[in-house]
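Right, one structure below, let's go through it.
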Amino acid sequence: SVLPGPQVSLVLTKGCTAQKDQEAKVTEHRAGPGLSITSYTRVCRHRDFCNDLSSTVPLWAPPSDTVPGSLRCPLCFSNDDCPQNGPQQICPAGYTHCYNGVLKLRGGGIASNLRVQGCMPQPGCNLLNGTQVIGSMDVTENCNPRSDMDILECKRGKIETTRDVSDLPLHWTTGWQACGIGQGCQETVVLIVNGPQVNVVLTKGCTGAENQEPRVTWHRAGPGLSVVSYTRVCRHKDFCNDLSTTEAFWTPPASDGARGRQESCRKRGNSESRGRPWLR
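The sequence shown begins at 1 in the UniProt record's numbering and counts up by one.
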């Protein structure tokens, strides 16, 4: 968990692993007041469902009150950009600098960029105190503005499936990949509707194409056969090709009647990415 003042960001991952057994371990990577980072990690094999932590109680308790100082810093946790004129906090006495950086978390099914702003007692980009691995996750931080020479990371995956129209809207998750210098993130989704059935084709990944705002194109409108596509190319942040549902650009016409029950099923697709795509 990461804390900047009165806010908490929680990242949790559970599952199977080939790592060696490790007793439950609580690590305070950075102590408060101000920004603090604490982690809990465990690897076990002694029984089914032994990774059964269900509360933050073993690893964190609310801090005691601190004496306020004179410095004010922006307060932000976001997977997007922090607002220009967002909330501020009064830093503890003795704190002299405002932190502004991005924590990158990769592994254990997690691929997240967390923008953090808060109070620090010294300058620098060392919120993690040199930590590079927490459990199954690799962690890095970056306090420099993005440039065109930075390596972008994009959602990546391929899915092709045929479903009943009554199953819509569909939702999916994909893996991710690191791109080459100058490359951007692309996503393309095509729906081909033929009466009561719909064929869904999806691809996401890196591309050398120029940026393109999200675009919905009706190549053929029904009734009967219809074809609609969604396309986008972006470079403004990691994982900007983050469309995750058909609901954003298509819904069945009212004349199709009730959509029927929404089946909770999962279809895996072929992918060379880190994390396989699935559809529901």
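Note that beta-carbon positions come from the ideal geometry of N, C-alpha and C, so glycine has one too.
Rounded to the nearest angstrom, what separates Arg259 and Asn199 at their Cα positions? Only weak support exists for where Arg259 lies, its pLDDT of 37 falling under 50; the coordinates are left without a value.
Classify Val8 as helix, strand or coil using the three-state DSSP reduction. coil
Between the alpha carbons of Gln89 and Arg72, how many angstroms are there, rounded? 6 angstroms
At the level of alpha carbons, what is the spacing between Glu272 and Gln177? In this prediction, Glu272 scores a pLDDT of 37, lower than 50, which makes its location untrustworthy; the coordinate-derived value is nonetheless stated afterwards. Roughly 9 angstroms between the two C-alpha positions.
Considering only DSSP beta bridges, list what Arg215 is partnered with. Thr231
Using only the alpha-carbon positions, how far apart do Ser166 and Pro196 sit? 8 angstroms
What's the C-alpha gap between residue 304 and Pro214? For residue 304 there is no data in the structure shown, the boundaries of the chain being 1 and 280.
Minimum length 3: unbroken beta strand (DSSP E) runs contained in the segment 151-204: 153-164, 175-178, 184-194
With a Cβ-Cβ cutoff of 9 angstroms, do Leu128 and Glu247 count as a contact? no
Please confirm if the segment 79-86 is in contact with the segment 24-31, defined as three or more CB-CB distances below 8 angstroms between the two stretches. Taking a cut-off of 8 angstroms for Cβ pairs, the segment 79-86 and the segment 24-31 do not touch, as fewer than three such pairs fall below it.
For Lys14, is the classification buried or exposed, using 16 other Cβ atoms within 10 angstroms of its Cβ as the cut-off for buried? exposed
For the candidate residues Val67, Ser136, Leu35, whose alpha-carbon lies nearest to that of Ile110? Here the closest residue by C-alpha is Ser136.
Can you say whether Thr207 is buried or exposed, counting buried as having 16 or more other CB atoms within 10 angstroms of its CB? buried
Proximal residues to Gln132 (C-beta, below 8 angstroms), its chain only, five neighbours per side dropped: Result list for Gln132: Asp138, Val139, Thr140, in chain order.
Buried or exposed: where does Trp218 fall if 16 or more other Cβ atoms within 10 Å of its Cβ makes it buried? exposed
Quick check: what's the CA-CA separation for Glu263 versus Trp172? Its pLDDT being 35, under 50, Glu263 is placed unreliably in this model, and the value from its coordinates should be taken loosely. Distance between the alpha carbons of Glu263 and Trp172 is about 14 angstroms.
So, at 6 angstroms on beta carbons, what are the nonlocal neighbours of Thr38 in its own chain, with the 5 sequence-adjacent residues on each side left out? The beta carbon of Thr38 sits closer than 6 angstroms to the beta carbons of Ser1, Glu28, Leu59, Trp60 from its chain, once the five residues preceding and following it are set aside; these are given in chain order.
Proximity of Leu170 and Thr188 at Cβ, strictly below 9 angstroms: no
Starting from Phe77, trace the beta strand (DSSP E) both ways and give me its first and last residue. 76-78
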